[in-house]
Ligand code: HEA
Ligand code: HEA
Ligand code: CUA
Ligand SMILES: [Cu+2]
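Residue numbers (the numbering used here), protein chains in the order written: chain U, 5 to 114; chain F, 30 to 237; chain C, -18 to 604; chain B, 214 to 566.
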């Protein structure tokens, strides 16, 4: 994606290109920030209106997951090239972690 | 490319955080560390979920009685915003704009400090409501999970300040650019954890 | 650099090792410390077997027995087996992938010193009022109940050394991902490197749950938390889960590198490439993956319910399949080969039946309903010593003989090596085979004695006699080491004559920069390929140039030492000792201070210049 | 290398001899199952052992062939074979099949053994026993019969007995090897499982099975034994009756040694030890074994021979026999005469003739 070294041979063009690219990326990031704040607001609102907990709980968890995807992919640049190993290990960690959480919310009931 | 080399705006590489072998290693190593941190926090979350509202007698405060939306909201906005400001800082780092980068990291640190302050205020409030680290398993689990996160924020603050002070006079080079980058990764990760804390601990606590 | 080989005084050598960041020297440090703890754990094992040799024995008292048994398990797993494995990983893996060092040499030194000081702290329990006594599993209700500081030593000691291990894991991962020589694709990596890779990933994901568990236990015991206090809403099963979420992957952390060492050994001494290389890699990854899905098989009798038990039983059995793939691939590596029975090969060869026995009893244990009978009996003790001693310890002994020349530049005596092997092999089966039956006849584990009249006397005596054989074997190994070191006959690059991978292409021991020029890797078994084409060394992948090396530093030692000091503060804080808090703060300040120095002081390392490398023709890659 | 072969043979014979030398003691060994649960488990053990022996044989055969055929004879370089898909598929599929054969009965047995629904039903007639594990001793409460006994479990044969297990201090595990696999006794919850005691097998074992604590619980974990008297239904009912008939401590004839012992007992021991079976105290308040039928038992404290000499030794210094037990040091020191009296009294505590 955006941040690769380009070898057009002409340095100025390169830099111009890079500048444009990263400015564009910055716009994406502001959009994702706005979305994150928006999602947060919805989550808080969903709790504030005291709707049925059976709906609220999964709903706000979903919101959190979406928000985290924004964080990880845009803010932490995991969408960029060269993040194969990071994503492999992040997801593996996530898998182990989710398994742990699943266990603790099912077979530790006493 | 050599770490000590001096750069100009023109010669600054596109990915300063990954342009030497050392920095590539640092970058990767830090991501791996975050993979481990994921499991660490997941274990703490799991413990919290298992012990939520487990108090010795029913008269003691439960999650429902403790948490309040406004305070959590303020803390959340502080931390989320600090995530954006550190993105700005990295943006300027990539453009070799050292001063601007420092400014944005400074703001990030301030927001982080604000978050910590709100957390400390919150904890003292709970202690007055007899919800302490030693009052119940619920209390222990709550303070451990949220406290671990708070500890990460505090460590992040120290880290950020050290980096800024240390490099105030040197400007950017390939030796410290990856350090700034890695710090910003850490800071975002803390934010990710907080998103789950405010959802799972606070919001779901209030939902019941 | 010519200073490298010069004779140095003792003080200088010591300082050299205290400050080193060279993976080969750190390997030697791991080897010495791990070997020392193996002797300690072994002596504890001997005490166990003396106490149990006859019924109603009073060689040690009940309380002391529990301490010995706990410390035997803890020492062997955390302070002997893992560090020895780390020793080989450090010594061999960077060479195998054609790297000049690990990704973070400085962190590598921190890892070692943290393991070391954690281990020392753990063992100080013996001298400061009692060692941990709640089993290596340290189950919550008993551990929180245990008086004195024993369990505190366990919790803090393991926490410190665990951090070291975690950092080591990250280090190896980054090394393997980023620092492979040109041409060294993933599917050309030697199996030992692959197992290092998967093991490190397991460490990365398995140690955090242990860290959390240890923190919870520490908070409960030292800071009044209530995680495991049932009356206050706590739950002891949380500890069991956290421990085993770590604990099961841990046993694969031990066995996978062992598999790696054997894979190398079989290929070398059969003069044949590893049979089914890609399925070996696949099996390794699969074992690592499945390793995280099965931990509750240690908790079948906990009362988790039949659904959980059934799921975990089936998942556990599944691990037999990839392990079987490996066993048969090894057998077929030898099939059609030209097998030379050197000492390392003795261990590798004997490993197969021994480990299969241990593995299949594992599958028997996995049968949940039957495990209700096996659990917490000597049947389990037999199972895990078959896999651990027959697998891991055999691999460590195999690796010791195999890599001794690479690490120290001289060969261990083969005759003594074979004597050691036979004594150990016989002693091992004598000790542990009968224990299956002891378990089935109704002997629970972790008992400090047993009463006569239950049909358990003979079996226990046989078992104890076996342990004596193993002790003699270990003594002969020590003798071998001494004799060899005194003689110190230097050997060349490839002393076994059949080396296949890159580590055999450099001198023994390698120069501190490993490769003068990074080698070009043209296939699996890179060195073998070159040899088959009649070359004597690797083709370089780069022109001769300056080599960038990291500086030595005493900071890693100081950082770990700070934590060691802080540990005392944390522990005696419970007794309201007035000096406890200051000690803790001072310790932490030492650690944080040295971290600060490290980050504030630029350390760019140094360069070895091209001209110096040319002087040194007989070292590194011959172009 | 003949040596290797010889050694294998010798050890094989040694193993064989051991196997033949027996399956352990009938009152303790899992290899002599004496009840439905142990039977099911034994069948599973046998099935898995057969499979495993098969696996070991296959491996060993290849192993031996390799050993003899492929030793290095000359300096030729063998062909560098990459692998063989056919073989690899073979040794993936066959183990999967073998494991399936083992997995199916494993799962069904696991569910059968966990089935305690009969005892959970409202007003069920099932025999339920509440087991309470304390540091180094066992308390057995029969809630429907309203009696309590300790250290020696009495059960009827040929019927399912349901157990509710709970630990009062640290975790223990309840195990009667010959009769069925164990269950942990947790501090957190009540665990439930069932066992069935086979009448015929019980007789072969002398009607007395050995029970063990199987979870490390402290210094005397290894001595936390209990005994199980498995008797016919009629005998069991009679025992229950006679236990129930003891409603107050029997008064010994005045002036006798026994009466003297009772006086001492009532002064120093009764605070912890009850001598009536209908213990009204909640399980948490029962600090020590119930001694109502102490005279009928076969062991003292689960381990010592049941005679006056050992009894006096026990009272003199329990720490020596069970390190870390909860009785030591909790009562005044007794002189020889007092010990005689106590022993006489305790031995007189019988409910059956
Ligand atoms: C190196 C260490 C190591 C290794 C490799 C293993 C390997 C295995 N272990 Fe073991 N285990 C331990 C170390 C290890 N274990 C320890 C230390 C404990 C006790 C902890 C404590 O409580 O203190 C333990 C306890 C333990 C238990 C709990 C017992 C109990 O406490 O009740 C179980 C239960 O399922 C189990 C199962 C297995 C299985 C299925 C494997 C499998 O991975 C084995 C796979 C291998 C084979 C099966 C052989 C080769 C395969 C073939 C030749 C193919 C054909 C085979 C078949 C079709 C079966 N182990
Ligand atoms: C890597 C792991 C490892 C290794 C290698 C061993 C090796 C051995 N183990 Fe152990 N063991 C465990 C891990 C290991 N063990 C664990 C995890 C437990 C469970 C603990 C628990 O329940 O919590 C256990 C438990 C355990 C028990 C059960 C205790 C009980 O339940 O009460 C027994 C009993 O026989 C035993 C015996 C042995 C023996 C005889 C050896 C032998 O192979 C040892 C051989 C080594 C030697 C014999 C060295 C001799 C040294 C010398 C001769 C030195 C000379 C001295 C100088 C020069 C200074 N071990
Ligand atoms: Cu009770 Cu062991
Ligand atoms: Cu396991």
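Heads up, the beta-carbon is just placed ideally off N, CA and C, and yes, glycines get one too. These figures come from a predicted structure and were not determined experimentally.
Original post:
Can you tell me whether DSSP reads residue 211 of chain C as helix, strand or coil?
Top reply: In the structure shown, residue 211 of chain C adopts helical secondary structure according to DSSP, grouped into three states.
Subject >> Residues from the stretch 419 to 436 of chain B in contact with chain C, defined by Cβ distance under 9 Å >> reply: Cβ contacts with chain C: 423, 425, 426, 427, 428, 429, 430, 431, 432, 433, 434, 435 and 436.
Original post:
Under 7 Å Cβ-Cβ, which residues of chain F neighbour residue 42 of chain U?
Top reply: Chain F residues near residue 42 of chain U: none, gap ~11 Å exceeds 7 Å.
Subject >> Residue nearest to residue 311 of chain C in terms of C-alpha spacing, selected from C:58, C:-10 and C:242 >> reply: With distances taken between Cα atoms, residue 311 of chain C lies closest to C:242.
**OP:** Would you mind reading off the limits of the alpha helix (DSSP H) that contains residue 16 of chain C?
**Re:** Where residue 16 of chain C is concerned, the enclosing alpha helix (DSSP H) stretches over 4 to 33.
Subject >> Ordered list of beta strand (DSSP E) runs contained in the stretch 449 to 492 of chain C, each at least 3 residues >> reply: Here no run is fully enclosed.
Subject >> Contacts around residue 410 of chain C, its chain only, beta-carbon distance under 6 Å, and the 5 residues preceding and following it disregarded >> reply: Around residue 410 of chain C: no qualifying Cβ.
Original post:
Using a Cβ-Cβ distance under 8 Å, would residue 137 of chain F count as near chain U?
Top reply: Closer than 8 Å: no.
Original post:
Where residue 254 of chain B and residue 198 of chain C are concerned, what is the direct C-alpha to C-alpha distance, given to the nearest angstrom?
Top reply: A direct Cα-to-Cα measurement between residue 254 of chain B and residue 198 of chain C gives close to 36 Å.
**OP:** Measure the Cβ-Cβ separation of residue 418 of chain C and residue 440 of chain C and say whether it is below 8 Å.
**Re:** Here residue 418 of chain C is near residue 440 of chain C, since their CB atoms are less than 8 Å apart.
Original post:
Any idea which residues DSSP pairs residue 588 of chain C with across the strands?
Top reply: For residue 588 of chain C, which the question treats as bridged, DSSP gives the partners C:529.
**OP:** Buried or exposed for residue 168 of chain C, please, with buried defined as at least 16 other CB atoms from any protein chain shown within 10 angstroms of its CB.
**Re:** It counts as exposed.
**OP:** Starting from residue 135 of chain C, trace the alpha helix (DSSP H) both ways and give me its first and last residue.
**Re:** Per DSSP, residue 135 of chain C belongs to the alpha helix (DSSP H) from 131 to 159.
**OP:** Using 7 Å as the cut-off, classify the Cβ of residue 275 of chain C as near or not near the heavy atoms of ligand 4, replying yes or no.
**Re:** Within the cutoff, so yes.
Original post:
Mind checking whether the beta-carbon of residue 278 of chain C lies closer than 7 Å to any heavy atom of ligand 4?
Top reply: Checking every heavy atom of ligand 4 against the Cβ of residue 278 of chain C, one is found closer than 7 Å.
Subject >> chain C contacts from the stretch 58 to 74 of chain F (Cβ-Cβ distance under 7 Å) >> reply: Result list: 58, 61, 62, 64, 65, 68, 69, 72 and 73.
**OP:** Please classify residue 396 of chain B: does DSSP put it in a helix, a strand, or coil?
**Re:** Looking at residue 396 of chain B - three-state DSSP - the assignment turns out to be strand.
Subject >> Length of the line joining the Cα atoms of residue 201 of chain C and residue 133 of chain C >> reply: When the Cα atoms are used, residue 201 of chain C and residue 133 of chain C turn out to be separated by approximately 11 Å.
**OP:** Using a Cβ cut-off of 9 Å, pull out every chain U residue sitting near residue 222 of chain C, in sequence order please.
**Re:** Contact annotation for residue 222 of chain C against chain U: 104, 107, 108, 111 and 112 [CB-CB distance below 9 Å, chain order].
**OP:** Would you tell me roughly how many angstroms separate the C-alpha atoms of residue 256 of chain B and residue 454 of chain B, rounded to the nearest one?
**Re:** Cα-Cα distance, rounded: 37 Å.
Original post:
Thinking C-alpha only, which one of B:550, B:394, B:333 and B:327 is nearest residue 421 of chain C?
Top reply: Sorting B:550, B:394, B:333 and B:327 by C-alpha distance to the C-alpha of residue 421 of chain C places B:394 at the top.
Original post:
What residues in the stretch 435 to 460 of chain C have a beta carbon less than 9 Å from any beta carbon of chain B?
Top reply: Within the stretch 435 to 460 of chain C, the qualifying residues are 435, 436, 437, 439, 440 and 443.
Subject >> Pair within 8 Å by beta-carbon distance, residue 417 of chain B and residue 385 of chain B >> reply: Judged by their CB atoms, residue 417 of chain B and residue 385 of chain B are not nearer to each other than the 8 Å cut-off.
Original post:
If residue 173 of chain C sits next to residue 245 of chain C, beta carbons under 8 Å apart, how far is it from one beta carbon to the other, in whole angstroms?
Top reply: Yes, residue 173 of chain C and residue 245 of chain C are in contact; Cβ-Cβ is about 5 Å, under 8 Å.
**OP:** Consult DSSP for residue 221 of chain F and reduce its assignment to one of helix, strand or coil.
**Re:** Correct three-state label for residue 221 of chain F: helix.
Original post:
Residues of chain C with a CB under 8 Å from the CB of residue 96 of chain U: which are they?
Top reply: Neighbours of residue 96 of chain U on chain C, chain order: 182 and 186.
Original post:
Which of helix, strand or coil does DSSP assign to residue 320 of chain C?
Top reply: In the three-state reduction of the DSSP assignment, residue 320 of chain C falls in the strand class.
Original post:
Contact check, residue 147 of chain C vs residue 93 of chain C under 8 Å by CB: the rounded distance?
Top reply: About 13 Å separates the two Cβ atoms, so there is no contact after all.
**OP:** State yes or no: is the C-beta of residue 282 of chain C within less than 8 Å of the C-beta of residue 328 of chain B?
**Re:** Taking 8 Å as the cut-off, the Cβ atoms of residue 282 of chain C and residue 328 of chain B do not count as close.
Subject >> Proximity test, Cβ basis, 8 Å: residue 100 of chain U and chain C >> reply: It does; some Cβ of chain C falls within 8 Å.
**OP:** Might you give, ordered along the chain, the residues of its own chain that have their beta carbon closer than 6 Å to the beta carbon of residue 81 of chain C, omitting 5 neighbours on each side?
**Re:** Excluding positions up to five away in sequence, the list reads 494 and 495.
**OP:** For the alpha helix (DSSP H) containing residue 579 of chain C, list its first residue and its last residue.
**Re:** Start and end: 561 to 581.
Original post:
Which of helix, strand or coil does DSSP assign to residue 277 of chain C?
Top reply: DSSP places residue 277 of chain C within a helical segment (H, G or I) once states are collapsed to three.
Original post:
Would residue 285 of chain B count as contacting chain C if we go by Cβ distances under 8 Å?
Top reply: Yes, contact with chain C.
Original post:
So, using beta-carbon positions, are residue 76 of chain F and residue 98 of chain U closer together than 8 Å?
Top reply: Not in contact: residue 76 of chain F and residue 98 of chain U (Cβ atoms no closer than 8 Å).
**OP:** Rank C:572, C:122 and C:237 by C-alpha distance to the C-alpha of residue 431 of chain B and give the top, closest one.
**Re:** Residue C:122 is the option with its Cα nearest to residue 431 of chain B.
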